[in-house]
Each structure stands twice: as structure tokens, then as C-alpha cells.
């Protein structure tokens, strides 16, 4: 019984493996069928495109048969005029590129100036912050010392008051000395109070310095943001100039190729004319039909080349329009960058006024230090 069950289980496993193999083969066949259908569709599309191309070529051959040599000469003249226009466009593009390069150099110089002024302003702001922190710590220390002196003076004054209100010493000299010391202590107390009031007024004036330093920091951040935007504009202009240079080089190459192609067409046209004249002079009337067929074949080749040249000229005209549009956009960006530089100059003027305020604050701090030293 166990052997039968094992045999059935083995048979079931073999059947499943066989089904899996068959399923994989069916999937492979389906993929192969789909691939063959795609290839058939591609071949059919290629056949249709080739049919359309043959029809176009046959129509073009019929059209060329109806044309004569005079029309072909006119077409060549038009191609030459188009070539001259393309060369003029290339020269204009080079001139505009030179102008943009000079503008970029001036922009880079302005950026260097702005960077130097920004770094200088940041250094001054940091020095002012350091001086402010030093002055704050010094004022706190002075206030603590004055508070201690006031406490000692109050204690001595209390003792003197108690002595004056209490028993008078028997020794008159001691009493006189006590009165003198009390008067001196009273004067010192009054002077210390006046010094404390003066220091409080100076501390109140110093409390305005953090707001001014914060305002200068904000202006420095704004100037840095303007500097970054100007640097981005310069980078964008450099990329534009590189693209324009590549386009100019490509146009020069296209113009050179077009000139060679036009010269070759003219040479072949002249050769075709000379061969036609020689055949008309040397051959009889019966052979003239064969010469005309050969000449029509040459005309067909020349017309095909003429059509290719016309397509190249159309592409160059489109690129010319695109190049003009890009140059206009670049000039607008340059104008915008110049406006940014005007704003940067205004910020520079504001920076000078802030530097004047910083110098005034430094003078006030020096005066405060001298007054504090005098109070000590």
C-alpha cells in the first residue's frame, strides 16, 4: 500500500514538473509569436515608408523632367544668396558674442568688488559684536563692584549714625575725627550714587547697540543674497555664451560645408552643360535622345542635391531665428543683472552709512570707557 502511495506521489510530482515545463514552453512560444508579430508590423511599416518614399522620388523625378536649365540656374543663384545671408548671420553672432563676453568681464569685476566689501562689512560686524560683549561683561563687573562699595558705605554710614545718636565719646579728638570720617563717607556715598546714576544712563545707551548690530547683520545677509543672485546670473550668462559659441562654430561649419556643396553643384552643372554642348555638336539627331536621358538623370541628381541644400538652408534659417531669440533673452538677463548691480550700489551706500554709525558707536564706547575709568 505504501509503495502504491509513493508511486502515486512520484507520478503526481512528475506530472506537475511536466506541466510546468509545458507551461514555460507555451509562454516562450507566445513571446516568440508576439515578437514575430512586432517584426511583421515593423517590416510592414518600413514597406509603407519605402513605398511613400518611392512615390515621392517618382513625383520629384517627373517634376524635374518638366524643369529646364534656366530654372536650375535661378535656384543656384538663390542658394548663393542664402549662403551669403547665413555668413552674415554668423558674423553678427560672433559680434554679439564678443559684446556679451565684455559684459561678463565687467560683471565679474563688480562681483569681486561686492565680495570684498561684503567680507569687510562682516569683519566689522563681528568686531562690533565682540566689543559689545566685552563692554557688557565690563559693565556688569563695574556694577557689582559699585554695589559692594555702596553696601560698605551704607554700613559705615549706619555705624556713624549710631555713634552720633548714641553716647558721645569722652575724647573730643576722637569725636572730631569721627565727624570728619562721617562727612567724608557722606561725600563718598553721594559721589558713588552719582557715579551709579551715570553708569545706569550709559548702560541704557549701550542697550541700543544689540539692535543696531542685528540690523547690520540683516543688511549683510541681504547683501550676501544679492551677491549670490548676481553670481548665479553670471554663471547663467557664461553658459549662454558657451552655447552661443558652440552655435557659432556649428554655423561656420555648416556654411563651409554648404559652400563646398554649392561649388560642387556649380561644377557639375557646368560639366553637364559642356557635355550637352559637345554631344549636340558631335552626335547625330538619333543619339541626342540618349544624351537628353543622361542629362535628365544628371539634372535629377542635381535637383536632389539642390533640395538637400534648400533643406539645410531652411534649418539654418530656423536656427538663426532661435539664435536671435536666445540673444534677446540674454540681453534681457544682462539688463536685469545691471539692475541688480544698481541695487548692490545702493546697498553699498547704505553700508557706508552703517559704517559711519559704527564709528560713532565706537567713539561712544571709548567715551564710556574713559568715564568708567575716571569713576574707578
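Numbering (the working numbering), first residue to last: 12 to 387. Ideal placement from N, C-alpha and C gives every residue a C-beta, glycine not left out.
Distance cut-off 8 Å: residue i Cβ against heavy atoms of the ligand MN
i, result
"residue 63", "Inclusion of the ligand MN in the displayed structure is not the case, the ligand content being empty and no account of it being possible."
Euclidean distance between Cα positions of residue i and residue j
i, j, result
"residue 172", "residue 143", "42 Å"
"residue 209", "residue 233", "38 Å"
"residue 161", "residue 145", "24 Å"
"residue 22", "residue 35", "20 Å"
"residue 158", "residue 147", "16 Å"
"residue 7", "residue 134", "Outside the displayed span of the chain (12 to 387) sits residue 7, for which this structure offers no information."
"residue 202", "residue 169", "17 Å"
"residue 70", "residue 55", "22 Å"
"residue 149", "residue 113", "54 Å"
"residue 45", "residue 57", "18 Å"
"residue 271", "residue 63", "31 Å"
"residue 106", "residue 257", "14 Å"
"residue 239", "residue 136", "20 Å"
"residue 153", "residue 207", "10 Å"
"residue 394", "residue 67", "The displayed coordinates of the chain run from 12 to 387. Any statement about residue 394 would go beyond what the structure contains."
"residue 38", "residue 52", "21 Å"
"residue 92", "residue 85", "11 Å"
"residue 261", "residue 141", "59 Å"
"residue 27", "residue 50", "34 Å"
"residue 109", "residue 89", "31 Å"
"residue 236", "residue 247", "17 Å"
"residue 24", "residue 42", "27 Å"
"residue 122", "residue 333", "30 Å"
"residue 275", "residue 120", "50 Å"
"residue 229", "residue 191", "58 Å"
"residue 205", "residue 198", "11 Å"
"residue 211", "residue 196", "22 Å"
"residue 290", "residue 254", "Because residue 290 sits at a pLDDT of 49, beneath the cut-off of 50, its placement in the model cannot be relied upon, and the point is left open."
"residue 322", "residue 329", "11 Å"
Residue i and residue j closer than 9 Å at C-beta
i, j, result
"residue 244", "residue 118", "yes"
"residue 111", "residue 251", "yes"
Environment of residue i [buried if 16+ CB atoms lie within 10 Å]
i, result
"residue 151", "exposed"
"residue 33", "exposed"
"residue 99", "exposed"
"residue 194", "exposed"
"residue 47", "exposed"
"residue 104", "buried"
"residue 264", "exposed"
"residue 125", "buried"
"residue 20", "exposed"
"residue 181", "Only weak support exists for where residue 181 lies, its pLDDT of 48 falling under 50; the value from the coordinates is given anyway. Classification of residue 181: exposed, given that the 10 Å Cβ count is below 16."
"residue 60", "exposed"
"residue 97", "buried"
"residue 94", "buried"
"residue 101", "buried"
"residue 178", "With a pLDDT of only 48 at residue 178, under 50, the local geometry of the prediction cannot be trusted, and no value is derived from it."
CB contact below 9 Å: residue i versus chain D
i, result
"residue 160", "Absent here is chain D; the protein component of the structure consists of one chain."
Three-state secondary structure assigned by DSSP to residue i
i, result
"residue 99", "helix"
"residue 17", "helix"
Stretch-stretch touch, CB-based, cutoff 8 Å, three pairs: the segment 122 to 131 with the segment 153 to 168: no
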